[in-house]
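Only one structure is covered here, and it is reproduced in the block below.
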Amino acid sequence: MVIPVSLIDEATGWRRAFHARPELGYQEHHTSQSVAEQLTAMGLQVHRGLAGTGVVGTLENGPGPTIGLRADMDALPMTELGQPPHRSTQPGVMHACGHDGHTAILLATARHLSNTRNFSGTVHFVFQPAEENLGGARRMVEEGLFTLFPMDAIYGMHNWPGLPAGHVAVNEGAMMASLDSFEITLNGRSCHAAMPENGADPIVAAAQLILALQTIPARRLSPLASAVVSITQINGGEAVNVIPETVTLRGTLRCLQADVRVRVRQMIDEFVTTFTRPLGIEGSIIYQTDYPVTANHPQEAAKVRDCALTLLPAEQVHWNLSPSMASEDFACMLEACPGAYFWLGADGTTPSAPLHNARYDFNDALIGPGIALWTALVGQLLPR
């Protein structure tokens, strides 16, 4: 499939402009405005305001099925350490996950399809805010995404360091893990650091609890089950010579199987409430249930694979690759509507920096293949 070089060049310009002006979740006002203006200029019907800064552009072209294509728009609260000409101009904010590229590719796809119209049906271009830990997809669903825009299926694409540029990976089930976050509070009894026998030390309890929690995936689950328990924050203490009253731990749980998710949560509860008692510490935990497993619907996943095979050699299309233990809120859309989520390889002649790395920059070589893949998928799903 031939995508006009002029369109790829224009999309590259959009991508670098988004990169230079990144915006955090639910604050994508400039990005949202730019997307809406471009879609309007293309002649699409444009709806704004879902999940605050979300945008949906609709392209109708005769009778046929209706599908959705989704891109995420938000950046991360990170300071960019790379030095591209288009580096972030916003202190402490950068596009370290490629959402600038996803947005530019989907915009260019809308332009290409509005020009060529080589399909019969309806395409909703869904530009989602707040993918990074803020649940923008869930909020779009709750505010009526699939009621206002009924769809037969929805699809999402993400660039993927670790795969060669242009390769495609898609699974018929899990692509990414569920996400729960939690806060553990350990209440002890403060005392002088020189006389620990007069108190109950929550810092020692925290140290032991952190290590004990790692025995859950290592010793309490089958090696065939998938779970990651990570403590990412620890806070406690005010003075160097005082054992504190309270220590707070925060972290995440990620799983690939729903039943494992339930079991591990129960085991964490048991550790928190019983493991610390012999130390004189009272433990409690508050959970926040974030994202479910990003689980593709088999029929829609197979359609992505079949589409990729029309563009790429078989060795560049990866079927049922090992899932990632990272998480993705597109899972909330897949709970509400059939669909599939897939990866587009990002590594060039040298490996890409990892996602969420301060030196990451989206590989612009993916823009042409990304437009071609979206266009081919629309043509396959909505044939004339």
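Residues 1 to 384 (UniProt numbering) make up the sequence shown, in order.
Idealized CB from N, CA, C, for every residue including glycine.
Since the structure is predicted, the reported quantities are computational estimates derived from the model, not experimental observations.
Just so you know, the alpha carbons of T116 and A41 end up roughly 15 angstroms apart. Separation of the CB atoms of N159 and L321 is rounded to 15 angstroms, and the pair is thereby denied contact status at 8 angstroms. When E300, L355, L312 are compared, the shortest CA-CA separation from Y341 is found for E300.
Boundaries for N198: no beta strand (DSSP E) harbours it, and the DSSP string shows neither H nor E there.
A straight-line Cα-Cα distance of about 16 angstroms links I268 and S178. Excluding the 5 residues flanking it on each side, G348 has same chain C-beta neighbours closer than 7 angstroms at A165, N363, A365, in chain order.
Nearest Cα to T246 within the set E282, Q27, L355, Y155: E282. The DSSP-derived three-state label of E143 is coil.
Taken through DSSP and simplified to helix, strand or coil, D290 comes out as strand. A Cβ-Cβ separation of about 7 angstroms places D74 in contact with E23 under the 8 angstroms criterion. Taking 3 residues as the minimum length, the region 252 to 276 contains no beta strand (DSSP E) run wholly inside it. For G121, the beta-bridge partners assigned by DSSP are N61. Counting along the chain, H30 sits inside the alpha helix (DSSP H) bounded by residues 29 to 41.
Looking at the DSSP output, E183 shares a beta bridge with R250, I286.
Of the candidates V242, E132, A137, the residue whose Cα lies closest to the Cα of P202 is V242.
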